[in-house]
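If you're matching them up, the sequences are chains A and B in order. Count along the first sequence from 1, then add 5; that gives the number in this note's numbering. Count along the second sequence from 1, then add 4; that gives the number in this note's numbering. Each residue gets a CB set at the ideal place from its N, CA and C atoms; glycine is no exception. The structure displayed is predicted, hence computed values, not measured ones.
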Amino acid sequence: MIEIKKLNYKYNKQTETQALVNINLEISRKEFILLCGRSGCGKSSLTKVINSLIPNYYENGVLEGEIYIDNKASKSCNLYEVSQIVSSVFQNPKTQFFNTNTTNELLFYLENRGFNRAYMREKLAETAKIFKIEHLFNKNIFDLSGGEKQLLAIAGAYASGTEIIILDEPSSNLDVEKTILLGQILAKLKMLGKTIIIAEHRFYFIKNLIDKVYYLKNGEILFELSKETFITMDDDVRKNLGLRAINLERLKHLDSDFKTKSSKQLQIQNMYHVFRNEKKVLNINNLKINFGNIVGIYGVNGIGKSTFIKIIMGLNNSKVKISINGNSLSSKKRLKKSYIVMQDVNFQLFTHSVDIEVSLGKCSKYNSLDVIKVLKMLNIYHLRDKHPMSLSGGQKQRVAIASAILSGSEIICFDEPTSGMDYDNMMRISNLIKSTINDNILIFIISHDHEFLNNTVDKILDMNKFNFEL
Amino acid sequence: MNLYAKSKFNPTPLSKLFVTVFLSVCISFNTSALFSFALVAFISVFCMLNSKSKLAIKSITIYLLLNILSFDFILSSYDFLKNYVLFLVIVAKFFYLPFLGGIFFVATSDVSSIIVSLEKVKLPKTIIIPLSVIFRYFPTFKEDRKSIKDAMKMRGITFKNPIRYLEYVSVPTIISATNIIDDISISAETKCISDPCKKERFFDVKYTLIDFIFISFVILIQIFGILYD
């Protein structure tokens, strides 16, 4: 079905770094292939070669070698010709749709291929039956949750009827429940005889589906594993390879208590927030948390984790009384004391050098020596003259953390800091957070990542407990 | 943005686009105040018919306010601040109609209906695809904008220093725009949007009486407005 011979690729003529090195690969019909490896190992690039975004969309790169899909040399094909055989599902549910109407989106591929309405109607009914998504038809895509969007994307890939379906980290924005559901849908696709290629960091939802695993390092396929060897892999070997847990870890710290070493205490009273369009409220009567704690905020998508954080930070004007050591704080004062490192850090980098970036809104109690100290601690001192946008994702995240510390924030929040991260990077951010905490700081982490939470937090707040039906 | 409401009163995207372009051309002519107001009211009625009452009320109120302000300020003295405000008010009034037409277009059309209606008049793909990608960008950006706003609040960047504000806001905005447009284009391309075959769209868009009424009334009011100035 897919044959790749002696493939080399780099994204830019000028760069030395090869994104893919000497790839030789053969995938037969109906196989379920997992591509894994550390962030930046080339697994994503490899999916782009197969769906022909390389070289058709990324035009500046240098591609050597041969690629045959269904016995056709895909290098000489247009993107739309390859897309007639290969469908793609991407990572970000927000931007992988072209239409704003769900039904339109499902049929968009068929429309573009020139199929007639009768056929589309038939396909629509069939897709509805298989994926049970009739309730999602004819809706505004922006009203769908992340999980529903990903479900729609996969249903769309099925409706297009292509033999091969490629998925690039489809679970990275989903909670555990939705990820498991995603696994069930992929099982259906496999049963229907599709050839599936998936690049992922999380394995628990597909571990029973895979036929073959390819491990990539620095753009090279280092080795190939069978399903059995992969799922019975030793934990130390797995960590050495930079891979995430193969089974879903049980969440610890759900019933543990807050640390009470610090005398400084945050008190939340009478938090009451009504969710628009839904008959739900977020209600917290009285919650006391001592500073010096790392608190995990846990719950399914849409339960109100971000809302909870935003209310504490003073970014949301819902009714609440928040005090530190008995002194009640207005939302304005809270905003001055708090900082959030967003899931997409690109939204919070504003200036043209790291140096200026971290000093923007700096607290007056820090001087330039402190700036250097913090930059060194976070290992971004050597990047201080660089443009923040030119850095890698992890480095950007550290710049944001430096800004948080230097702004004198006492409440630091992280929104999904490890989405799409390999084991090494996950541990790095976990250790970083643990080294940032002191008796004057309180850290909240919104996360679905069990392995990360177990490694990092002192206590998990299950948001389910604060959520009530109206 | 909502779905393309299949209401009887929703003109096709092409008609709305035409009206917007027509109104932009006409700003170079003097139009009598009464007829300008009639145009604002006419488009507002269309907003209302397409369940955008909030937009309709807003557009009429703001237009009245602009008129009152400009009338009031003309009588005033050589105060710099007042003249500055007057200048802004007049500029806003000047571009009001095409702007309103554009907003009506964006608020009541969706991407697929735009593609269909442009394909019907046989516009080349090289125009339709970029146009629809741009159009698709706005609702996505709306979501990102909230996050950018929050991030700026957190850093204490406010509009008190407008030049700084604009400098800072431009960085994440441009980055998010390139990312969004890249992703949307990729999703369209992998769904064969460039396939040259003949296409049949699932939801059809038909030109009806309402298009005729919408376009002809706008043209008539505008022309009479220019003649009777």
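Straight across, the Cα-Cα distance linking T24 of chain B with I197 of chain B is about 27 Å. When C-beta distances to chain A are compared with 8 Å, the residues of the segment 192-209 of chain B below that value are A192, E193, T194, K195, C196, I197, S198, D199, C201, K202, K203, E204, R205, F206, F207, in chain order.
Looking at the backbone, the Cα of Q23 of chain A and that of K195 of chain A are separated by about 33 Å. Within the segment 155-166 of chain B, those residues whose Cβ lies closer than 8 Å to any Cβ of chain A are, in chain order, A155, M156, K157, M158, R159, G160, I161. Per the DSSP secondary-structure output, N295 of chain A pairs in a beta bridge with A:Q270.
At a cut-off of 8 Å between beta carbons, T144 of chain B contacts chain A. Exposed is the label assigned to L475 of chain A, since fewer than 16 other Cβ atoms lie within 10 Å of its Cβ. For the options A:G152, A:F136, A:G47, the alpha carbon positioned closest to that of N97 of chain A is the one of A:G152. Taking the Cβ atoms as the reference, L129 of chain A lies roughly 11 Å from G161 of chain A, outside the contact range of under 8 Å. At least one beta carbon of chain A lies nearer than 8 Å to the beta carbon of I188 of chain B. Sixteen is the threshold: when 16 or more other Cβ atoms of the shown chains lie within 10 Å of the Cβ of H455 of chain A, as they do, the residue is buried. Assignment of L437 of chain A by DSSP, reduced to helix, strand and coil, places it in the helix class. Using a Cβ-Cβ cut-off of 9 Å, D114 of chain B is close to N104, T105, N106, N109, N145 of chain A, given in chain order. Under the three-state reduction of DSSP, N183 of chain B is assigned to helix. In its chain, beyond the 5 residues on either side, G413 have a beta carbon closer than 8 Å to the beta carbon of K370 of chain A. In the three-state reduction of the DSSP assignment, H455 of chain A falls in the helix class. Taking C-beta separations shorter than 7 Å and ignoring five residues to either side along the sequence, the partners of S176 of chain A in its chain run T184, L187, E205, R207, F210, following chain order. Within the segment 71-148 of chain A, the runs of beta strand (DSSP E) at least 3 residues long that lie entirely inside it are, in chain order, 91-94. Checking the DSSP bridge columns, you'll see G42 of chain A partnered with A:L221. Not flagged as an interface residue toward chain A: V125 of chain B, since no C-beta distance is shorter than 8 Å.
Runs of the alpha helix (DSSP H) lying entirely within the segment 325-413 of chain A, each at least 4 residues long, are 336-342, 359-364, 373-382, 398-411 in chain order. Those residues of the segment 13-40 of chain B placed with their C-beta closer than 7 Å to a C-beta in chain A do not exist.
The C-alpha of E283 of chain A is placed about 45 Å away from the C-alpha of E233 of chain A. Straight-line measurement puts the Cα of H453 of chain A at about 7 Å from the Cα of Y303 of chain A. The way I'd put it, the segment 64-71 of chain A doesn't touch the segment 154-172 of chain B; fewer than three beta-carbon pairs between them come closer than 8 Å. Taking a 10 Å sphere around the C-beta of K315 of chain A, we find 16 or more other C-beta atoms and assign the residue as buried.
Bounds of the beta strand (DSSP E) holding Y14 of chain A are 7-15.
At least 8 Å separates the CB of P102 of chain B from every CB of chain A.
Using a Cβ-Cβ cut-off of 9 Å, Y172 of chain B is close to F355, T356, L365 of chain A, given in chain order. Nearest CB-CB separation between S151 of chain B and chain A: below the 8 Å threshold. For the segment 47-77 of chain A, the set of residues with a beta-carbon nearer than 7 Å to any beta-carbon of chain B comprises N56, L58, Y62, in chain order.
The alpha carbon of D75 of chain A has as its nearest neighbour, out of A:Q89, A:F457, A:I446, the alpha carbon of A:Q89. Membership of T200 of chain A in the beta strand (DSSP E) is indicated by the continuous run 200-204. For I184 of chain B, the chain A residues whose Cβ falls inside 7 Å of its Cβ are T100, in order along the chain.
Shown here for C368 of chain A: same chain residues with a beta carbon closer than 7 Å to its own, the five before and five after excluded, namely L411, S412, G413 in chain order.
Along the segment 373-397 of chain A, the positions whose C-beta sits under 8 Å from a C-beta of chain B are M394, read in chain order.
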